[in-house]
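A.B. asks: Take this structure, written in C-alpha cells, and hold onto it; I'll ask about it next.
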Amino acid sequence: MPPSGNVHDYMSLARYYWRNPDTEDGLPYVRHDGKPNPDMDSVWDYRLLRKVFRDCYYMAHGYFWTGEPRYAEKIVYRVKEWFLDEATYMNPNLKYGSLIFGTEMGRAEGVLDMFKVFAMFDALKMIEGSAAMRAEPQLIPDLQRWFTSYLEWIDASPESTQERNARNNHGTYFTVQYISILEFLGRDEEATAMAEDAKVRRVGSQIRRDGAQPHETIRPVSYFYSTFNLQGLMMLSMQAESHGVDLWNHKGP
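Okay, so the sequence shown: first residue is 572 according to the working numbering, each after it adds one.
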C-alpha cells in the first residue's frame, strides 16, 4: 500500500536500495548502485504496468495478422482495467514511483516507469477499426483525459522537473515518454518542439565527440546503461523523424 493509503495510487520501489546497516530498523534504505534489490518485486505495480503495455503490444500484432476479434477485445479490456474502470483505475501520477523504504514520497526516477506507454498507444492505433473499439466510443476521449491530467502532474511536479533535466538515460526516456503522450493527445506542435529541443538537451549534453556517454559509463553496470540510453536515443530519433526533425544525422558541439 502506498503511503497515501489510496489503492489507486501507483507505487514502485527503488531498484538499487538496500537495508541501512547503520540503523536498528534498517531505514531509510541506502543506495548500492548496480546491485538490484529483489525486494522491489514485492510491490507488483511496476511489473503489472509493464505487463499492460506488453500485452497490448503483442495482442495488437495478433489482431493485425489474424483479424481475430478477441485480441482487440482484450486490449480494450486491459486499457480500461488499468486506467479507467472505477474499481481498478490508477490515479494519473507517479508520485510514489521508485519509493525508498523509510521515506514517504517517490523519486524523480519513478517517472521512468511509464515510458513504455508508447507500445499501448501503438496498439490502440492498430486496432482502431475493430469492432471492439467501435463498441467503446468513449475509450479514447476518456484515456486522453487521463493522460492530460498525467501531463499536468508531470509539469507541476518537482520530481518530474528533475527527470526532465536529467542528462542520462532518465532524461532520454522522459522525452520519449512525453512526446508519445503529446502525439496521443494530438499536440503535434509541442511534440515537434520537444524533438527539436532534444538536439541540445539529449544528444549534445549526453554524447562526447568520441562517442562515449559519460553519464552512463560512470555507472557500475556501464555497458547496460550505455546501450539502454542508445536504445532510447534511437526511439527518440524515430519519433523526431515523424515530426520532420533529423536527430539521426545531428552533430553536437
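Quick reminder that beta carbons are idealized off the backbone N, C-alpha and C, glycines included. As the structure is a computational prediction, the values presented were derived from the model and not from experiment.
Helix, strand or coil, according to DSSP, for S701 in the structure here?
C.D. replies: It is coil, neither helix nor strand.
A.B. asks: Going by DSSP, what residue range makes up the alpha helix (DSSP H) through M630?
C.D. replies: Its alpha helix (DSSP H) spans residues 616–637.
A.B. asks: Candidates K606, L683, A762: which alpha carbon is nearest K666's?
C.D. replies: Nearest C-alpha to K666: L683.
A.B. asks: What runs of the alpha helix (DSSP H), each 4 residues or longer, lie entirely inside the region 697–742?
C.D. replies: Whole alpha helix (DSSP H) segments, 4+ residues: 702–705, 710–727, 729–735.
A.B. asks: If we call anything under 8 Å between Cβ atoms a contact, is W827 one with N608?
C.D. replies: As shown, the chain starts at 572 and ends at 824. That puts residue 827 outside it, with no answer to give.
A.B. asks: Do F689 and V774 have their C-beta atoms closer together than 8 Å?
C.D. replies: For F689 and V774, no; Cβs fall outside 8 Å.
A.B. asks: Considering Cα atoms alone, identify which of T719, Y617, Y600, E652 is closest to E675.
C.D. replies: Among T719, Y617, Y600, E652, the Cα nearest to that of E675 belongs to Y600.
A.B. asks: Could you please give the first and the last residue of the uninterrupted beta strand (DSSP E) stretch that includes S813?
C.D. replies: Neither: S813 is in no beta strand (DSSP E) and is coded neither H nor E.
A.B. asks: Out of F795, S583, T788, point me to the one whose CA is closest to G677's CA.
C.D. replies: Cα-wise, what sits closest to G677 is S583.
A.B. asks: My assumption, with CB atoms under 8 Å, is that N740 sits in contact with G803. Please give the rounded CB distance.
C.D. replies: That pair is a contact at about 6 Å.
A.B. asks: Return the first residue and the last residue of the alpha helix (DSSP H) that M765 is part of.
C.D. replies: M765 -> alpha helix (DSSP H) spans 759–769.
A.B. asks: Could you have a look at R590 and say whether DSSP puts it in helix, strand or coil?
C.D. replies: If DSSP states are grouped into helix, strand and coil, R590 belongs with coil.
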